[in-house]
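In full-length UniProt numbering, the protein residues as written are 1 to 230.
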Amino acid sequence: MNSPTSTVFVVDDDEHVRNALCRLLRSGGYAVQGYASASAFVEGADLAAAPACLLLDLQLPDLSGIELQRRLAGIVPIVFVSAHGDMNTAVEAMKAGATDFLTKPIDACVLFEATSRALERACRLFAQREQRAEIERRLRKLTPREREVMALVVTGRPNKLVADELGAAEKTIKIHRARVMEKMKANSLADLVRLVTTFDFDVSEPLSPQPSRTLGMQPRAEPRPVPHTG
């Protein structure tokens with residue numbers, strides 16, 4: 001069953017179809033928000049608030065569903081709905097990462113199953129974004145010098161070598177290293193390496209400004225396996 005905090009966004013320019021889909025999804029226990037166009041969705045949807053998926057009509061007046069899918073770049077799972085069973089378009093949508101492609105009229109059980117699959121994926125993506133945001137919050141607490149020390153420490157360099165490279169006393173490096181571990185909430189060097197490599201953070205450079213809660217159009221890095229460290 002879907003999480004009570006998850007949201008299904010329905011984007012369809014046909015008011016009758018949109019309202020019918022919203023009512024049906026609400027009857028299944030889902031929280032739903034409907035939009036009549038891609039631009040209305042982009043301006044009004046908040047994907048930072050909770051896990052969410054998108055039930056998207058293929059043909060929209062301002063932007064095609066496929067084009068919106070490209071712009072979203074995988075940040076929200078998409079279930080396409082269409083009045084036409086265009087196989088080529090369906091294949092294109094699925095190759096681009098859509099979770100399902102449904103043809104109108106849509107059976108309620110099929111809709112619920114597709115929505116459930118999309119929200120399961122949404123929950124995983126949301127957890128990844130939350131994890132990344134938490135690591136970013138910790139990184140922002142570091143001073144420029146602490147970032148320099150951490151960038152060398154995570155490569156496995158001992159304190160003495162870090163001190164030599166930065167032209168500082170080894171005792172000073174130990175202090176910086178202890179502060180890095182505390183601010184990053186890392187229990188070990190392996191833990192610190194995992195934190196900064198999971199999302200490929202460049203710890204030697206300042207972080208970009210924090211994103212707003214409005215809908216982003218750029219892909220977010222997904223975590224990758226961390227190489228074994230001893």
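Cβ atoms here follow ideal geometry from the backbone N, Cα and C, with glycine treated the same way.
Along the UniProt domain "Response regulatory" (7-119), the beta strand (DSSP E) occurs as fully enclosed runs of 3 or more residues at 7-11, 31-35, 52-57, 78-82 and 100-103, listed in sequence order.
CA-to-CA, the gap between Met181 and Leu25 works out to about 46 Å.
C-alpha of Ala90 to C-alpha of Ser82: approximately 9 Å in a straight line. In the structure shown, the three-state DSSP call for Glu205 is coil. Within the same chain, Cβ atoms closer than 8 Å to the Cβ of Ala151 are found at Val203 and Ser204, the five residues on either side in sequence being excluded. Here Ala122 carries a helix assignment [DSSP, helix/strand/coil]. Nearest Cα to Ser39 within the set Pro51, Gly65, Gly28 and Asn88: Gly65.
Per DSSP, the unbroken alpha helix (DSSP H) holding Pro144 starts and ends at Pro144 to Val153.
The C-beta separation of Ala118 from Val79 comes to about 5 Å, placing the pair in contact by the 8 Å criterion.
By the Cβ-count criterion, Glu146 is buried, with 16 or more other Cβ atoms from all chains shown falling within 10 Å of its own Cβ. Note on geometry: alpha-carbon atoms of Leu102 and Leu139 lie some 43 Å from one another. The three-state secondary structure of Asn159, taken from DSSP, is helix. Our two residues, Leu60 and Ala122, have alpha carbons roughly 23 Å apart in a direct line. Leaving aside the five residues that flank Glu92 on each side, the residues in its chain whose CB is nearer than 8 Å to its CB run, in chain order, Ile66.
Taking 9 Å as the cut-off, the beta carbon of Leu68 is found no closer than this to the beta carbon of Val10.
A direct Cα-Cα distance of roughly 8 Å separates Met184 from Ile135.
By the C-beta density criterion, Ser6 is buried, having at least 16 other C-beta atoms within 10 angstroms.
In the three-state reduction of the DSSP assignment, Thr5 falls in the coil class.
In the three-state scheme derived from DSSP, where H, G and I count as helix and E and B as strand, Thr198 is classed as coil.
When C-alpha distances from Gly97 are compared across Lys104, Arg70, Ser116 and Cys109, the shortest belongs to Arg70. Straight across, the Cα-Cα distance linking Arg137 with Leu47 is about 19 Å.
Burial of Gly34 is indicated by the presence of at least 16 other C-beta atoms within 10 angstroms of its C-beta. Assigned with DSSP and collapsed to three states, Lys183 falls in helix. Taking the Cα positions, Asp100 is about 16 Å away from Leu72.
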